[in-house]
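Asks: Using our numbering, the letters of the sequence shown map in sequence onto residues 10 to 396.
Note that the Cβ used here is the ideal one computed from N, Cα and C, for glycine as well.
My structure is below; once you've seen it, I'll send some questions.
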Amino acid sequence: MLRALGNSIGSRFRSFAHIDWFLFAGALALSLLGLVTMQPLGQGGEAFFDRQVVWITLSVIVFFLASIPEYTFLRRTPIVAAIFCIALALLALVFIAGTVVKGAQSRFDIGFFVIQPSEFAKLALIIVLAKYFARRHIEIANFRHIFVSGAYAAAICILVFLQPDFGSAIIIASIWLGMVLVAGISWKHLAALIITALVVAGGLWAYVLQDYQKQRILTFIHPLADIHGAGYNAYQSTVAVGSGELLGKGIGFGTQSKLRFLPEYQTDFIFAAYAEEWGFIGVLIALCLYALVMVRALIIASYGADNFAVLFGVGVALMFFAHIVVHIGMNLGLLPVTGTTIPFMSYGGSHLLTEFLALGILMGLRRRGKTVTRVVDETESVGAALI
(Lines of atoms letter the chains of each structure in order from A; the text may use other names.)
(Lines give C-alpha, C1' and ligand atoms only; values in the text may rest on other atoms or scores of the structure.)
Protein backbone atom coordinates (compact mmCIF):
# COMPACT_ATOMS: atom_id res chain seq x y z
CA MET A 10 0.00 0.00 0.00
CA LEU A 11 2.81 2.39 0.89
CA ARG A 12 4.56 1.59 -2.36
CA ALA A 13 1.37 2.23 -4.34
CA LEU A 14 0.87 5.51 -2.50
CA GLY A 15 4.48 6.47 -3.21
CA ASN A 16 4.09 5.63 -6.89
CA SER A 17 0.90 7.71 -7.06
CA ILE A 18 2.57 10.73 -5.45
CA GLY A 19 5.62 10.26 -7.66
CA SER A 20 3.51 10.22 -10.82
CA ARG A 21 1.81 13.44 -9.77
CA PHE A 22 5.14 15.14 -9.21
CA ARG A 23 6.39 13.88 -12.57
CA SER A 24 3.37 15.45 -14.25
CA PHE A 25 4.76 18.82 -13.10
CA ALA A 26 8.40 17.98 -13.75
CA HIS A 27 8.50 20.62 -16.47
CA ILE A 28 7.75 23.41 -14.00
CA ASP A 29 10.61 25.84 -13.43
CA TRP A 30 10.31 26.09 -9.67
CA PHE A 31 12.84 28.93 -9.42
CA LEU A 32 10.73 31.05 -11.77
CA PHE A 33 7.53 30.16 -9.94
CA ALA A 34 9.08 30.86 -6.54
CA GLY A 35 10.33 34.26 -7.74
CA ALA A 36 6.89 35.26 -9.06
CA LEU A 37 5.13 34.04 -5.91
CA ALA A 38 7.63 35.81 -3.64
CA LEU A 39 7.03 39.10 -5.47
CA SER A 40 3.27 38.62 -5.09
CA LEU A 41 3.69 38.08 -1.35
CA LEU A 42 5.92 41.16 -1.03
CA GLY A 43 3.21 43.22 -2.67
CA LEU A 44 0.58 41.60 -0.47
CA VAL A 45 2.24 42.51 2.83
CA THR A 46 2.81 46.05 1.57
CA MET A 47 -0.96 46.46 1.28
CA GLN A 48 -1.64 45.49 4.89
CA PRO A 49 -0.87 48.02 7.65
CA LEU A 50 -0.12 46.51 11.06
CA GLY A 51 -2.42 47.58 13.84
CA GLN A 52 -5.11 48.92 11.49
CA GLY A 53 -8.25 47.37 10.09
CA GLY A 54 -10.68 48.01 7.30
CA GLU A 55 -8.25 47.35 4.45
CA ALA A 56 -10.01 45.36 1.73
CA PHE A 57 -7.00 45.25 -0.58
CA PHE A 58 -5.18 42.59 1.43
CA ASP A 59 -8.10 40.14 1.63
CA ARG A 60 -9.01 40.48 -2.02
CA GLN A 61 -5.41 40.15 -3.14
CA VAL A 62 -5.11 36.87 -1.23
CA VAL A 63 -7.99 35.58 -3.36
CA TRP A 64 -6.39 36.83 -6.58
CA ILE A 65 -3.00 35.31 -5.75
CA THR A 66 -4.64 31.97 -4.94
CA LEU A 67 -6.60 31.99 -8.21
CA SER A 68 -3.51 33.04 -10.16
CA VAL A 69 -1.45 30.16 -8.76
CA ILE A 70 -4.21 27.73 -9.73
CA VAL A 71 -4.30 29.25 -13.22
CA PHE A 72 -0.52 28.87 -13.46
CA PHE A 73 -0.59 25.13 -12.79
CA LEU A 74 -3.64 24.51 -14.97
CA ALA A 75 -2.09 26.49 -17.82
CA SER A 76 1.14 24.49 -17.54
CA ILE A 77 -0.61 21.21 -18.43
CA PRO A 78 -1.21 21.57 -22.24
CA GLU A 79 1.69 21.56 -24.70
CA TYR A 80 0.11 24.37 -26.77
CA THR A 81 0.69 22.93 -30.20
CA PHE A 82 -2.70 24.45 -31.07
CA LEU A 83 -1.22 27.94 -30.72
CA ARG A 84 0.67 27.32 -33.96
CA ARG A 85 -2.64 27.16 -35.85
CA THR A 86 -3.76 30.26 -37.67
CA PRO A 87 -7.51 29.97 -36.87
CA ILE A 88 -6.77 29.69 -33.12
CA VAL A 89 -4.46 32.68 -33.07
CA ALA A 90 -6.85 34.71 -35.23
CA ALA A 91 -9.67 33.91 -32.80
CA ILE A 92 -7.55 35.02 -29.81
CA PHE A 93 -6.72 38.29 -31.57
CA CYS A 94 -10.35 38.97 -32.53
CA ILE A 95 -11.58 38.24 -29.00
CA ALA A 96 -9.01 40.68 -27.59
CA LEU A 97 -10.17 43.39 -30.02
CA ALA A 98 -13.84 42.67 -29.29
CA LEU A 99 -13.33 43.01 -25.53
CA LEU A 100 -11.40 46.26 -25.99
CA ALA A 101 -14.20 47.62 -28.18
CA LEU A 102 -16.92 46.40 -25.81
CA VAL A 103 -15.39 48.31 -22.92
CA PHE A 104 -16.43 51.56 -24.63
CA ILE A 105 -20.05 50.37 -24.51
CA ALA A 106 -20.36 48.52 -21.20
CA GLY A 107 -17.20 49.54 -19.37
CA THR A 108 -17.07 51.41 -16.07
CA VAL A 109 -15.63 54.93 -16.02
CA VAL A 110 -13.10 55.38 -13.21
CA LYS A 111 -11.17 58.65 -12.86
CA GLY A 112 -11.88 59.61 -16.45
CA ALA A 113 -10.80 56.27 -17.95
CA GLN A 114 -13.23 53.71 -19.37
CA SER A 115 -10.97 50.69 -19.32
CA ARG A 116 -12.62 47.92 -17.29
CA PHE A 117 -15.74 45.90 -16.58
CA ASP A 118 -16.97 46.11 -13.00
CA ILE A 119 -18.78 42.88 -12.08
CA GLY A 120 -19.34 43.23 -8.35
CA PHE A 121 -16.38 41.66 -6.59
CA PHE A 122 -14.57 41.16 -9.89
CA VAL A 123 -13.07 43.88 -12.04
CA ILE A 124 -11.83 42.82 -15.48
CA GLN A 125 -9.41 44.98 -17.46
CA PRO A 126 -9.27 43.69 -21.07
CA SER A 127 -6.05 45.57 -21.88
CA GLU A 128 -4.09 43.16 -19.66
CA PHE A 129 -5.26 40.10 -21.57
CA ALA A 130 -4.76 41.98 -24.86
CA LYS A 131 -1.03 42.22 -24.10
CA LEU A 132 -0.76 38.44 -23.85
CA ALA A 133 -2.85 38.07 -27.01
CA LEU A 134 -0.46 40.37 -28.86
CA ILE A 135 2.54 38.31 -27.73
CA ILE A 136 0.89 35.16 -29.09
CA VAL A 137 0.03 36.85 -32.41
CA LEU A 138 3.53 38.27 -32.90
CA ALA A 139 5.21 35.00 -31.89
CA LYS A 140 3.08 33.17 -34.44
CA TYR A 141 3.73 35.77 -37.15
CA PHE A 142 7.52 35.99 -36.72
CA ALA A 143 7.96 32.24 -36.16
CA ARG A 144 7.90 31.74 -39.94
CA ARG A 145 9.02 35.17 -41.09
CA HIS A 146 12.05 35.99 -38.93
CA ILE A 147 14.31 35.21 -41.89
CA GLU A 148 12.30 37.60 -44.08
CA ILE A 149 12.21 40.39 -41.50
CA ALA A 150 14.38 42.53 -43.80
CA ASN A 151 11.24 42.95 -45.89
CA PHE A 152 9.55 46.06 -44.50
CA ARG A 153 6.14 44.56 -45.30
CA HIS A 154 6.42 42.21 -42.33
CA ILE A 155 7.27 45.06 -40.00
CA PHE A 156 4.26 46.98 -41.31
CA VAL A 157 1.86 44.03 -40.95
CA SER A 158 3.05 43.14 -37.45
CA GLY A 159 2.86 46.83 -36.56
CA ALA A 160 -0.75 46.90 -37.76
CA TYR A 161 -1.66 44.09 -35.36
CA ALA A 162 -0.02 45.98 -32.48
CA ALA A 163 -1.52 49.32 -33.56
CA ALA A 164 -5.07 47.91 -33.59
CA ILE A 165 -4.74 46.97 -29.92
CA CYS A 166 -2.66 50.00 -28.98
CA ILE A 167 -5.13 52.52 -30.43
CA LEU A 168 -8.12 50.97 -28.67
CA VAL A 169 -6.23 51.01 -25.36
CA PHE A 170 -5.00 54.56 -25.90
CA LEU A 171 -8.53 55.82 -26.54
CA GLN A 172 -9.81 54.49 -23.18
CA PRO A 173 -7.56 56.44 -22.33
CA ASP A 174 -4.85 54.21 -20.86
CA PHE A 175 -1.59 55.83 -21.89
CA GLY A 176 0.55 53.54 -19.73
CA SER A 177 -0.78 50.29 -21.20
CA ALA A 178 -0.47 51.74 -24.71
CA ILE A 179 3.23 52.36 -24.05
CA ILE A 180 3.63 48.76 -22.80
CA ILE A 181 1.94 47.36 -25.91
CA ALA A 182 4.12 49.44 -28.22
CA SER A 183 7.21 48.34 -26.28
CA ILE A 184 6.28 44.67 -26.63
CA TRP A 185 5.95 45.04 -30.40
CA LEU A 186 9.20 46.99 -30.76
CA GLY A 187 11.10 44.52 -28.60
CA MET A 188 9.85 41.49 -30.51
CA VAL A 189 10.61 43.15 -33.85
CA LEU A 190 14.16 43.85 -32.66
CA VAL A 191 14.57 40.24 -31.54
CA ALA A 192 13.22 39.02 -34.88
CA GLY A 193 16.03 40.94 -36.62
CA ILE A 194 14.96 44.38 -37.86
CA SER A 195 17.54 46.30 -39.91
CA TRP A 196 19.05 49.56 -38.64
CA LYS A 197 17.58 51.46 -41.59
CA HIS A 198 14.10 50.28 -40.76
CA LEU A 199 14.69 51.04 -37.08
CA ALA A 200 15.69 54.61 -37.95
CA ALA A 201 12.55 54.95 -40.07
CA LEU A 202 10.45 53.72 -37.17
CA ILE A 203 12.02 56.24 -34.79
CA ILE A 204 11.35 59.11 -37.20
CA THR A 205 7.77 57.92 -37.68
CA ALA A 206 7.30 57.66 -33.91
CA LEU A 207 8.48 61.24 -33.47
CA VAL A 208 6.06 62.47 -36.12
CA VAL A 209 3.21 60.51 -34.54
CA ALA A 210 4.14 61.83 -31.08
CA GLY A 211 3.96 65.39 -32.41
CA GLY A 212 0.55 64.70 -33.91
CA LEU A 213 -0.71 63.16 -30.68
CA TRP A 214 0.46 66.17 -28.69
CA ALA A 215 -1.22 68.60 -31.06
CA TYR A 216 -4.51 66.84 -31.77
CA VAL A 217 -5.14 63.82 -29.50
CA LEU A 218 -3.74 64.18 -25.97
CA GLN A 219 -6.12 65.69 -23.45
CA ASP A 220 -5.10 68.57 -21.22
CA TYR A 221 -4.52 66.43 -18.13
CA GLN A 222 -2.27 64.06 -20.12
CA LYS A 223 -0.24 67.00 -21.43
CA GLN A 224 -0.02 68.32 -17.88
CA ARG A 225 1.48 65.03 -16.70
CA ILE A 226 4.20 65.25 -19.33
CA LEU A 227 4.90 68.88 -18.49
CA THR A 228 5.04 67.92 -14.83
CA PHE A 229 7.63 65.31 -15.73
CA ILE A 230 9.81 68.04 -17.26
CA HIS A 231 9.26 70.37 -14.27
CA PRO A 232 8.24 68.01 -11.42
CA LEU A 233 8.41 70.64 -8.67
CA ALA A 234 6.51 73.33 -10.56
CA ASP A 235 3.12 72.27 -9.16
CA ILE A 236 3.60 69.86 -6.25
CA HIS A 237 0.16 70.68 -4.85
CA GLY A 238 -1.57 70.04 -8.16
CA ALA A 239 -0.49 67.98 -11.18
CA GLY A 240 2.87 67.11 -9.63
CA TYR A 241 1.46 65.97 -6.27
CA ASN A 242 1.52 62.22 -6.98
CA ALA A 243 5.05 62.24 -8.38
CA TYR A 244 6.31 64.39 -5.50
CA GLN A 245 4.77 62.21 -2.78
CA SER A 246 6.11 59.11 -4.51
CA THR A 247 9.70 60.39 -4.52
CA VAL A 248 9.32 61.41 -0.86
CA ALA A 249 8.14 57.90 0.00
CA VAL A 250 11.04 56.24 -1.82
CA GLY A 251 13.62 58.55 -0.25
CA SER A 252 12.23 58.22 3.27
CA GLY A 253 12.78 54.45 3.17
CA GLU A 254 16.56 55.00 3.32
CA LEU A 255 18.63 51.82 3.79
CA LEU A 256 16.43 49.49 5.85
CA GLY A 257 12.98 51.08 5.55
CA LYS A 258 10.41 52.03 8.18
CA GLY A 259 9.12 48.51 8.71
CA ILE A 260 6.19 46.54 7.32
CA GLY A 261 2.96 48.46 7.82
CA PHE A 262 4.64 51.61 9.07
CA GLY A 263 4.99 53.57 5.85
CA THR A 264 3.57 56.97 6.73
CA GLN A 265 3.33 58.23 3.15
CA SER A 266 1.24 55.28 2.04
CA LYS A 267 -0.73 54.27 5.11
CA LEU A 268 -1.68 57.86 5.98
CA ARG A 269 -2.75 58.30 2.34
CA PHE A 270 -0.35 61.09 1.44
CA LEU A 271 0.61 58.75 -1.41
CA PRO A 272 -2.49 58.04 -3.54
CA GLU A 273 -3.12 54.63 -5.13
CA TYR A 274 -0.31 53.12 -3.05
CA GLN A 275 -1.68 49.61 -3.64
CA THR A 276 -1.52 49.84 -7.46
CA ASP A 277 0.19 52.64 -9.37
CA PHE A 278 2.60 53.56 -6.56
CA ILE A 279 3.14 50.27 -4.78
CA PHE A 280 6.85 50.35 -5.56
CA ALA A 281 7.15 53.64 -3.65
CA ALA A 282 5.12 52.22 -0.75
CA TYR A 283 7.29 49.10 -0.73
CA ALA A 284 10.52 51.12 -0.87
CA GLU A 285 9.36 53.24 2.07
CA GLU A 286 8.73 50.19 4.25
CA TRP A 287 11.58 47.93 3.06
CA GLY A 288 14.26 50.48 2.19
CA PHE A 289 17.11 50.14 -0.28
CA ILE A 290 17.86 46.56 0.78
CA GLY A 291 14.27 45.55 0.14
CA VAL A 292 14.34 47.22 -3.29
CA LEU A 293 17.45 45.21 -4.18
CA ILE A 294 15.67 42.01 -3.12
CA ALA A 295 12.67 42.84 -5.31
CA LEU A 296 14.85 43.72 -8.31
CA CYS A 297 16.78 40.45 -7.89
CA LEU A 298 13.51 38.52 -7.88
CA TYR A 299 12.39 40.31 -11.04
CA ALA A 300 15.73 39.52 -12.65
CA LEU A 301 15.31 35.87 -11.65
CA VAL A 302 11.87 35.64 -13.27
CA MET A 303 12.94 37.33 -16.51
CA VAL A 304 16.25 35.49 -16.84
CA ARG A 305 14.58 32.13 -16.24
CA ALA A 306 11.94 33.03 -18.85
CA LEU A 307 14.66 33.86 -21.37
CA ILE A 308 16.55 30.66 -20.58
CA ILE A 309 13.40 28.62 -21.13
CA ALA A 310 12.84 30.51 -24.38
CA SER A 311 16.37 29.70 -25.55
CA TYR A 312 15.57 25.99 -25.24
CA GLY A 313 12.25 26.32 -27.03
CA ALA A 314 11.21 23.53 -29.35
CA ASP A 315 10.54 25.94 -32.20
CA ASN A 316 10.62 29.61 -33.09
CA PHE A 317 7.16 30.18 -31.66
CA ALA A 318 8.23 29.01 -28.20
CA VAL A 319 11.38 31.15 -28.37
CA LEU A 320 9.51 34.29 -29.40
CA PHE A 321 6.72 33.73 -26.89
CA GLY A 322 9.19 33.45 -24.01
CA VAL A 323 11.00 36.58 -25.18
CA GLY A 324 7.68 38.42 -25.48
CA VAL A 325 6.68 37.52 -21.92
CA ALA A 326 10.05 38.73 -20.59
CA LEU A 327 9.65 41.95 -22.59
CA MET A 328 6.17 42.52 -21.14
CA PHE A 329 7.52 42.20 -17.60
CA PHE A 330 10.54 44.38 -18.35
CA ALA A 331 8.45 47.16 -19.91
CA HIS A 332 6.06 47.19 -16.96
CA ILE A 333 8.92 47.31 -14.46
CA VAL A 334 10.76 50.14 -16.22
CA VAL A 335 7.65 52.29 -16.69
CA HIS A 336 6.31 51.70 -13.17
CA ILE A 337 9.59 52.25 -11.32
CA GLY A 338 10.47 55.22 -13.53
CA MET A 339 7.09 56.74 -12.72
CA ASN A 340 7.56 56.13 -8.98
CA LEU A 341 11.02 57.70 -9.00
CA GLY A 342 9.90 60.76 -10.96
CA LEU A 343 11.96 59.74 -13.98
CA LEU A 344 8.94 59.12 -16.22
CA PRO A 345 5.49 60.74 -16.46
CA VAL A 346 2.73 59.34 -14.24
CA THR A 347 0.80 56.93 -16.47
CA GLY A 348 -1.02 54.70 -14.00
CA THR A 349 0.91 51.52 -14.76
CA THR A 350 1.05 48.51 -12.46
CA ILE A 351 4.20 46.54 -11.66
CA PRO A 352 4.12 42.77 -12.29
CA PHE A 353 2.96 40.53 -9.43
CA MET A 354 3.19 43.20 -6.72
CA SER A 355 0.40 45.64 -7.62
CA TYR A 356 -3.14 45.08 -6.44
CA GLY A 357 -5.59 43.72 -8.98
CA GLY A 358 -6.76 40.50 -10.55
CA SER A 359 -6.57 41.13 -14.30
CA HIS A 360 -2.84 41.77 -14.48
CA LEU A 361 -2.02 39.07 -11.90
CA LEU A 362 -4.04 36.39 -13.71
CA THR A 363 -2.50 37.42 -17.04
CA GLU A 364 1.05 37.27 -15.69
CA PHE A 365 0.66 33.82 -14.11
CA LEU A 366 -1.23 32.62 -17.19
CA ALA A 367 1.69 33.75 -19.38
CA LEU A 368 4.15 31.89 -17.16
CA GLY A 369 1.91 28.81 -17.17
CA ILE A 370 1.81 28.78 -20.97
CA LEU A 371 5.59 29.13 -20.96
CA MET A 372 5.80 26.05 -18.73
CA GLY A 373 3.57 24.15 -21.14
CA LEU A 374 5.88 25.09 -24.02
CA ARG A 375 8.85 24.02 -21.90
CA ARG A 376 7.41 20.50 -21.59
CA ARG A 377 7.82 19.99 -25.33
CA GLY A 378 11.10 21.89 -25.51
CA LYS A 379 12.92 19.26 -23.48
CA THR A 380 12.82 16.57 -26.11
CA VAL A 381 12.14 18.29 -29.42
CA THR A 382 14.77 20.18 -31.35
CA ARG A 383 13.98 23.69 -32.47
CA VAL A 384 12.29 23.52 -35.85
CA VAL A 385 9.65 25.48 -37.64
CA ASP A 386 6.32 23.75 -36.98
CA GLU A 387 5.32 21.68 -39.98
CA THR A 388 1.67 22.23 -39.18
CA GLU A 389 2.02 25.78 -40.47
CA SER A 390 0.91 25.88 -44.06
CA VAL A 391 2.12 28.22 -46.74
CA GLY A 392 -1.37 29.65 -46.86
CA ALA A 393 -1.12 30.92 -43.26
CA ALA A 394 -0.11 34.34 -44.49
CA LEU A 395 -2.72 36.31 -42.59
CA ILE A 396 -0.95 35.83 -39.25
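(1) Does Ser-76 come out as helix, strand or coil in the three-state DSSP assignment?
(2) Between Val-319 and the rest of its own chain, which residues show a CB-CB distance below 6 Å, the 5 nearest in sequence each way excluded?
(3) Within its chain, find whatever has a CB closer than 8 Å to the CB of Ala-284; leave out the 5 residues flanking it on each side and keep chain order.
(4) Taking a contact to mean a Cβ-Cβ separation below 7 Å, would you say Met-354 touches Phe-329 in this structure?
(5) When you compare the CB positions of Ile-180 and Ser-359, do they come within less than 7 Å of one another, or not?
(6) Relative to the C-alpha of Ala-98, which residue among Phe-72, Ala-133 and Arg-85 is closest?
(7) Give me the Cβ distance between Leu-271 and Gln-245, rounded to the nearest whole Å; I'm assuming they're in contact under 8 Å.
(8) Should Trp-196 go down as buried or exposed, given a rule of 16 or more other Cβ atoms within 10 Å for buried?
(9) Where do the ends of the beta strand (DSSP E) carrying Arg-116 lie?
(10) Just reading off the beta strand (DSSP E) that Val-109 is part of, what are its end residues?
(11) Looking at the structure shown, is Val-123 part of a helix, part of a strand, or coil, going by DSSP?
(12) Within its chain, find whatever has a CB closer than 7 Å to the CB of His-336; leave out the 5 residues flanking it on each side and keep chain order.
(13) By Cβ distance below 6 Å, which residues in the same chain neighbour Leu-327 in space, the five residues on each side in sequence not counted?
(14) Glu-397 to Phe-262, Cα distance in whole Å?
(15) Quick check: Gly-322 and Ser-76, are their CB atoms within less than 7 Å of each other?
(16) Looking at the unbroken alpha helix (DSSP H) that takes in Trp-214, where does it start and where does it end?
(17) Closest to Leu-343 by C-alpha separation, out of Ile-226, Asp-315 and Lys-267, would be which residue?
(18) Is Phe-317 helix, strand or coil when you go by DSSP?
(19) Distance check for Leu-74 and Leu-361, CA to CA, integer angstroms please.
(20) So is Cys-94 buried or exposed if we call it buried at 16+ other beta carbons inside 10 Å?
(21) Measuring CA to CA, which of Ala-367, Thr-247, Leu-371 and Arg-305 is closest to Ala-130?
(22) Within 7 Å of any Cβ in chain D, is that where the Cβ of Leu-255 sits?
(23) Residue range of the alpha helix (DSSP H) that Phe-31 falls in?
(24) Leu-190 by DSSP, collapsed to three states: which one?
(25) By Cβ distance, which residues of its chain are closer than 6 Å to Ala-26, with the 5 residues on each side in sequence left out?
(26) Just verifying my parser: in three-state terms, what is the DSSP assignment at Gln-224?
(27) Report all residues from its chain with a CB closer than 8 Å to the CB of Val-399; omit the five preceding and five following residues, and keep chain order.
(28) Using a Cβ-Cβ cut-off of 7 Å (strictly less than) and excluding sequence neighbours within five positions of Val-189, which residues of its own chain qualify?
(29) Taking 7 Å as the limit between beta carbons, can you name the residues of its chain near Gly-54, skipping five residues before and five after?
(30) Which residue wins for smallest C-alpha separation from Ala-192, given the options Ala-139, Trp-214 and Leu-171?
(31) Could you tell me the distance, in whole angstroms, from the CA atom of Leu-301 to the CA atom of Tyr-241?
(32) Below 8 Å on the Cβ atoms is my guess for Ala-38 versus Leu-202; work out the distance and round it to an integer in Å.
(33) If you draw a straight line from the C-alpha of Leu-199 to the C-alpha of Ala-295, how long is it?
(34) Which same chain residues end up closer than 6 Å to Arg-376 when comparing Cβ atoms and leaving out the 5 residues on each side of it in sequence?
(35) Between Gly-369 and the rest of its own chain, which residues show a CB-CB distance below 6 Å, the 5 nearest in sequence each way excluded?
Replies: Working from what's here:
(1) coil
(2) For Val-319, where only same-chain residues beyond five positions count, the Cβ hits under 6 Å are Ala-310 and Gly-313.
(3) Ala-249, Val-250, Gly-253, Gly-257, Gly-291, Val-292 and Asn-340
(4) No. Outside cutoff.
(5) no
(6) Ala-133
(7) Their Cβ separation, rounded to whole angstroms, is 5 Å, which keeps Leu-271 and Gln-245 in contact under 8 Å.
(8) exposed
(9) Run containing Arg-116: 113–119, per the beta strand (DSSP E) assignment.
(10) 108–110
(11) strand
(12) Phe-280, Thr-349, Thr-350 and Ile-351
(13) Ile-184 and Gly-187
(14) For residue 397 there is no data in the structure shown, the boundaries of the chain being 10 and 396.
(15) no
(16) Where Trp-214 is concerned, there is no enclosing alpha helix (DSSP H), given that its DSSP letter is neither H nor E.
(17) Ile-226
(18) Correct three-state label for Phe-317: helix.
(19) 15 Å
(20) exposed
(21) Ala-367
(22) Absent from the structure is chain D; it holds one protein chain and no more.
(23) 30–47
(24) helix
(25) none
(26) helix
(27) An answer regarding residue 399 cannot be provided, because it is not within the stretch 10 to 396 covered by the chain.
(28) Ile-155 and Ser-158
(29) Any reading at Gly-54 needs caution, since the residue's pLDDT is 43, under 50, leaving its predicted position unreliable; the model's value is listed next. So no residue of the chain qualifies.
(30) Ala-139
(31) Roughly 34 Å separates the two Cα atoms.
(32) Between Ala-38 and Leu-202 a beta carbon distance of about 37 Å is seen, past the 8 Å cut, so the two are scored as non-contacting.
(33) 33 Å
(34) His-27 and Glu-79
(35) Phe-72, Ala-75 and Ser-76
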